[in-house]
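Once you know that position 58 of the sequence shown is 58 in full-length UniProt numbering, the rest is easy, because the numbers rise by one and skip nothing.
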Amino acid sequence: MEQSAIANQKLQGGCFCGRVQYRVQLPVKWCAHCHCEICRKTQSAPFVTWFGVEKINFEVLRGEADIAWFDSSQNAQRGHCIHCGTPLFFVGKNWPDEVHITRESANADIKQVPQIHVFYDRHVSYFQVDDQLDKFGGHNGFVPLAINPKTAKESNE
Numbered sequence: 001m002e003q004s005a006i007a008n009q010k011l012q013g014g015c016f017c018g019r020v021q022y023r024v025q026l027p028v029k030w031c032a033h034c035h036c037e038i039c040r041k042t043q044s045a046p047f048v049t050w051f052g053v054e055k056i057n058f059e060v061l062r063g064e065a066d067i068a069w070f071d072s073s074q075n076a077q078r079g080h081c082i083h084c085g086t087p088l089f090f091v092g093k094n095w096p097d098e099v100h101i102t103r104e105s106a107n108a109d110i111k112q113v114p115q116i117h118v119f120y121d122r123h124v125s126y127f128q129v130d131d132q133l134d135k136f137g138g139h140n141g142f143v144p145l146a147i148n149p150k151t152a153k154e155s156n157e
């Protein structure tokens with residue numbers, strides 16, 4: 001769906017137990033799979049799919065006091081529900097005007113498919129990604145990797 005066709009539509013989401021609920025105004029800025037160690041550890045998953053929205057297009061509808069924020073690095077914080085533990089949000093100094101939200105916490109389609117893999121050079125060895133998305137890595141997770149998206153073969157394997 002074209003981004004202009006979804007402008008001004010709103011989308012809700014929240015945690016597993018329902019105590020934390022949020023709303024975002026579409027369109028989202030981006031959607032990506034992250035393979036960094038912090039995402040993997042905080043979510044106990046091989047990668048996490050995030051989407052980003054401008055802070056002005058994000059609001060907590062209920063349960064703001066039920067969100068626990070912690071410093072996951074010097075430059076970032078993550079928020080999760082204190083009752084059910086659902087990981088929900090990421091805010092960081094590198095993106096001061098954005099809120100990053102876990103894709104699966106949304107209650108409906110965000111109208112944006114994942115566009116890239118970031119920190120792919122840190123991906124787990126037991127799960128191979130076989131898609132056509134560009135893969136990035138390096139120091140900041142956003143340096144293009146020497147991977148042919150058509151074959152998903154890495155040059156250093």
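Note that beta-carbon positions come from the ideal geometry of N, C-alpha and C, so glycine has one too.
List the DSSP bridge partners of D71.
Position 71 of the sequence shown, counted from the start, is the residue given in the question as residue 71. DSSP lists Q77 as the bridge partner or partners of D71.
**Prompt:** Hey, L11 and V24 are a contact pair by Cβ (cut 8 Å); roughly how many whole angstroms apart?
**Reply:** Indexing the sequence shown from 1 puts residue 11 at position 11. Indexing the sequence shown from 1 puts residue 24 at position 24. 5 Å between Cβ atoms; contact.
Use the C-beta contact count for A65: other C-beta atoms within 10 angstroms, 16 or more gives buried, fewer gives exposed. To locate residue 65, count along the sequence shown from 1; it is residue 65. Exposed, by the Cβ-count rule.
CA-CA distance, V53 and Q112? On the sequence shown, residue 53 is found 53 positions in, with the first residue counted as 1. On the sequence shown, residue 112 is found 112 positions in, with the first residue counted as 1. Rounded to the nearest angstrom, the two C-alpha atoms are 12 Å apart.
- Query: What is the C-beta distance between Q115 and W30, in whole angstroms, given that I count them as a contact (C-beta under 8 Å)?
  - Reply: Here residue 115 corresponds to residue number 115 of the sequence shown, with the count starting at 1. Here residue 30 corresponds to residue number 30 of the sequence shown, with the count starting at 1. Confirmed, about 6 Å.
Name the one or two DSSP bridge partners that K10 has.
Looking up residue 10 in the sequence shown gives position 10. Partner(s): Q25.
Beta-carbon proximity of V91 to Q74, cut-off 7 Å: For this step, residue 91 is matched to residue 91 along the sequence shown. For this step, residue 74 is matched to residue 74 along the sequence shown. Contact flag unset, no.
Taking the alpha-carbon of F89 as reference, which of Q43, H123 and V124 has the nearest alpha-carbon?
As a first step, residue 89 is located in the sequence shown; it is residue number 89 there, counting from the start. Ranked by Cα distance from F89, the first of Q43, H123 and V124 is Q43.
| request: Could you work out which residue in Q128, D130, V124 and Y120 is closest to A146 when comparing CA atoms only? | output: Within the sequence shown, numbered from 1, the residue matching residue 146 stands at position 146. When each option's Cα is compared against that of A146, the closest is Y120.
Between which two residues does the alpha helix (DSSP H) containing T42 stretch?
Position 42 of the sequence shown, counting from 1, holds the residue named residue 42. Residues E37 to Q43.
Legend entry - P27 versus S125 - alpha carbon distance: Taking the sequence shown and counting its residues from 1, the one referred to as residue 27 is at position 27. Taking the sequence shown and counting its residues from 1, the one referred to as residue 125 is at position 125. Going by the C-alpha atoms only, they are around 34 Å apart.
Exercise for the section: Work out the CA separation of V118 and F142 for me, nearest whole Å. Expected result: Taking the first residue of the sequence shown as position 1, residue 142 is located at position 142. Taking the first residue of the sequence shown as position 1, residue 118 is located at position 118. Looking at the two C-alpha atoms, the distance is approximately 6 Å.
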